[in-house]
Amino acid sequence: MQRCARGPRRGTYALVRDHYLMLALAEGHDEAPVAALLQPDLDPAAVLAVPPGPPEVPPRVARRLADPGLRAQAAAVAAAAAAAGLQVLTPDDCPGNLQCAPLRPLALFARGDATALHRAPAVAFVGSRTPTPYGIDAARALAAALARAGAVLWSGLARGVDAIAHEACLAAGVPTVAVLAGGLDAIYPPEHADLADRIVAGGGCLLGELPPGRRARRGHFVRRNRVLAMGAHAVVVVEASLASGALHTARFGATLGAEVYALPGPWRSERSQGCHRLLAEGAQVLESPEALLQGLGLRASAAPAEALRFVACAEEERLLQAVGNGPRPTDLLARECALPRPAFLRALFALEQRGALERLPGDLWRRADGLTNR
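Just so you know, we're using numbering that gives the first Met the number 0 here: the sequence shown kicks off at 0 and counts up by one.
So, in structure tokens, the structure goes:
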């Protein structure tokens, strides 16, 4: 997963937020994302000043962009979000691929502690809504091991495997992120409204792309799955059919450089067929909780904070040594550090959050103090 370099933005934060929200409303949150408006480093103010037309965008989107009432619509949505206790996040507020991946969202609505979005390591934990007893047992063991080791699990608040992932984080006292397909003012499924409240109370975050008042249609779950994949350094799939949305999450994640893990199961089981397809496509086999933690660079026996300190020392020191020789682009820095991709990204983002690394234009990284090795 890469981060994109961003230049300075003109105007106040509120103005930038309004521009992103206007563009998001013009994009329409339709079931098929409008790729031309969801590209990284797109300048919303410039697009709104000179709106594109067909064939670059569909006619309905061109009409929305030209609507003189678009600014008022954005203001109304921002007011509705505030009334519902939601934050409006722009790409500048978000980590990693939620900033700069193709098809990244223009605006997200959040309820709870949005700093949970920046916690690492982040693992998308997905699977069947109706898991078998075998899948339930595996999901509980894997999710509990990840949560106790300090991983922040991202999932979709759905029945089955998603709920198991969120409950594991709550039990371990670790924040969890729930990404919803519809507006956050009406939790779906409704029986998980209490779970949503406990996620927020536990320092986690609810996240959604649709504005308040919008209900999800079938295609919106695919949109949701791309956001879910963008937030994670790895994707874990526990039981999924060939038509499962969990496969969308895994494949989105794989295109962004996330490591994908899939649980093998009985070969005649419909709920194992999706995992077996992912394994055939190159996913890692989920052998055990211990093997999964080892692959992610975590320790099973350590408390969450201790585990993160353990992996951070060696990995972060390797990055600091590499950039000590001068600014490095992300790809070169990754090769020089020779770390597994999830470990490299975890260390990179942690150092940036603490102010030890600084991102420059052109996808370059340097020590924040500007020093190099002499």
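Note that beta-carbon positions come from the ideal geometry of N, C-alpha and C, so glycine has one too.
### Message
Within 10 Å of its beta-carbon, does residue 203 have 16 or more other beta-carbons around it, so buried, or fewer, so exposed?
### Response
It is buried - the Cβ of residue 203 has at least 16 other Cβ atoms within 10 Å.
### Message
Once DSSP output is grouped into helix, strand and coil, what is the label at residue 381?
### Response
Outside the displayed range of the chain (0 to 373) lies residue 381, so it cannot be described from this structure.
### Query
If residue 130 and residue 160 are in contact, beta carbons under 8 Å, what's the gap, nearest whole angstrom?
Rounded to whole angstroms, the Cβ separation of residue 130 and residue 160 is 6 Å, and the two are in contact under 8 Å.
### Message
Quick check on residue 293: does DSSP put it in helix, strand or coil?
### Response
Collapsing the DSSP output to three states places residue 293 in a helix.
#### Entry: Among 158, 147 and 213, nearest to residue 79 - alpha-carbon criterion
Of the listed residues, the one whose Cα sits closest to residue 79 is 213.
### Query
Would you call the stretch 110-120 and the stretch 85-97 touching, i.e. three or more CB-CB distances under 8 Å?
These segments touch.
### Task
Using three-state DSSP, classify residue 203 as helix, strand or coil.
Three-state DSSP puts residue 203 in coil, outside helix and strand.
### Straight-line Cα distance separating residue 60 from residue 44
Between the alpha carbons of residue 44 and residue 60 lies a distance of about 16 Å.
#### Entry: For residue 328, three-class secondary structure by DSSP
Looking at residue 328 - three-state DSSP - the assignment turns out to be strand.
### Query
Does the separation of the CB atoms of residue 235 and residue 124 fall below 8 Å?
Yes, Cβ-Cβ distance for residue 235 and residue 124 is below 8 Å.
### Task
State yes or no: is the C-beta of residue 195 within less than 8 Å of the C-beta of residue 186?
A contact, by the Cβ cut-off of 8 Å.
### Task
Using the Cα positions of residue 358 and residue 346, report the straight-line distance between them to the nearest angstrom.
Residue 358 and residue 346 have their C-alpha atoms spaced approximately 14 Å apart.
#### Entry: Inter-residue spacing [alpha-carbon to alpha-carbon] between residue 280 and residue 245
One Cα belongs to residue 280, the other to residue 245, and the distance between them is close to 14 Å.
### Query
Taking C-beta to C-beta, are residue 56 and residue 36 nearer than 8 Å?
Yes; because the gap between Cβ atoms is below 8 Å, this pair is in contact.
### Query
Which residue's Cα is closest to the Cα of residue 205: 112, 351, 134 and 278?
Closest by alpha carbon: 112.
### Query
If you drop the 5 nearest sequence neighbours on each side, which residues of the same chain put their C-beta closer than 8 Å to that of residue 350?
So the list reads 315, 318, 319 and 356, once near-sequence residues are dropped.
### Message
Less than 6 Å between C-beta atoms, sequence neighbours within five positions excluded: which residues of the same chain meet that for residue 209?
### Response
If you ignore the 5 residues before and after residue 209, its C-beta comes within less than 6 Å of the C-beta of 28, 181 and 182, all in its own chain and listed in chain order.
### Task
Quick one: which unbroken beta strand (DSSP E) runs of 3-plus residues sit fully inside the stretch 211-294? Chain order, please.
Runs of the beta strand (DSSP E) lying entirely within the stretch 211-294, each at least 3 residues long, are 233-237 and 258-261 in chain order.
### residue 340 (DSSP reduced to helix, strand or coil)
Here residue 340 sits in helix by DSSP.
### Task
Please go through the same chain and pick out, in chain order, the residues whose beta-carbon is closer than 7 Å to the beta-carbon of residue 336, but skip the five residues on each side of it.
Same-chain partners within the cutoff: 317, 318, 321 and 343.
### Message
According to DSSP, is residue 17 part of a helix, a strand, or is it coil?
### Response
In the structure shown, the three-state DSSP call for residue 17 is helix.
### Query
Helix, strand or coil for residue 72 per DSSP?
It is helical.
### Query
Excluding the five sequence neighbours on either side, which residues of its own chain have a C-beta within less than 7 Å of the C-beta of residue 199, listed in chain order?
Result list for residue 199: 110, 111 and 205, in chain order.
### Query
Are three or more beta carbon pairs between the stretch 142-149 and the stretch 249-262 nearer than 8 Å?
Flag = no, the stretch 142-149 and the stretch 249-262 do not touch.
### Query
Going by other Cβ atoms of all chains shown within 10 Å of its Cβ, with 16 needed for buried, is residue 252 buried or exposed?
Residue 252 comes out buried.
### Query
Looking at the C-beta of residue 140, does it have a partner C-beta in chain B at a distance below 8 Å?
Chain labels in this structure do not include chain B; a single protein chain is all it has.
### Query
Comparing alpha-carbon positions, which option in 172, 289 and 72 lies nearest residue 115?
Out of 172, 289 and 72, 172 has the C-alpha closest to the C-alpha of residue 115.
### Task
Please go through the same chain and pick out, in chain order, the residues whose beta-carbon is closer than 8 Å to the beta-carbon of residue 127, but skip the five residues on each side of it.
134, 159, 160, 237, 238, 239, 240, 243, 245 and 270.
### Query
Per DSSP, residue 394 forms a beta bridge with which residues?
This structure cannot settle anything about residue 394, because the visible part of the chain is limited to 0 through 373.
### First and last residue of the uninterrupted alpha helix (DSSP H) at residue 160
For residue 160, the uninterrupted alpha helix (DSSP H) run begins and ends at 160-171, by DSSP.
### Query
Where does the unbroken beta strand (DSSP E) through residue 177 begin, and where does it stop?
Where residue 177 is concerned, the enclosing beta strand (DSSP E) stretches over 176-179.
### Query
Which one or two residues does DSSP pair with residue 109 in a beta bridge?
Beta-bridge pairing links residue 109 to 86 and 206.
### Query
Hey, how far is the Cα of residue 24 from the Cα of residue 98?
Whole-angstrom Cα-Cα distance: 18 Å.
### Task
Go ahead and pull the three-state DSSP assignment for residue 319.
DSSP, reduced to helix, strand and coil, places residue 319 within a helical segment of the structure shown.
### Task
Please work out which residues of its chain come closer than 8 Å, Cβ to Cβ, to residue 222, disregarding the five sequence neighbours upstream and downstream, and give them in chain order.
The residues 28, 30, 32, 180 and 208, in chain order, have a CB closer than 8 Å to that of residue 222 in the same chain once the five nearest residues on each side in sequence are set aside.
### Task
Would you grab the beta carbon distance between residue 106 and residue 88 for me? Rounded to a whole angstrom, and I think it's under 8 Å.
Indeed, because the Cβ distance is near 7 Å, the residues count as touching under 8 Å.
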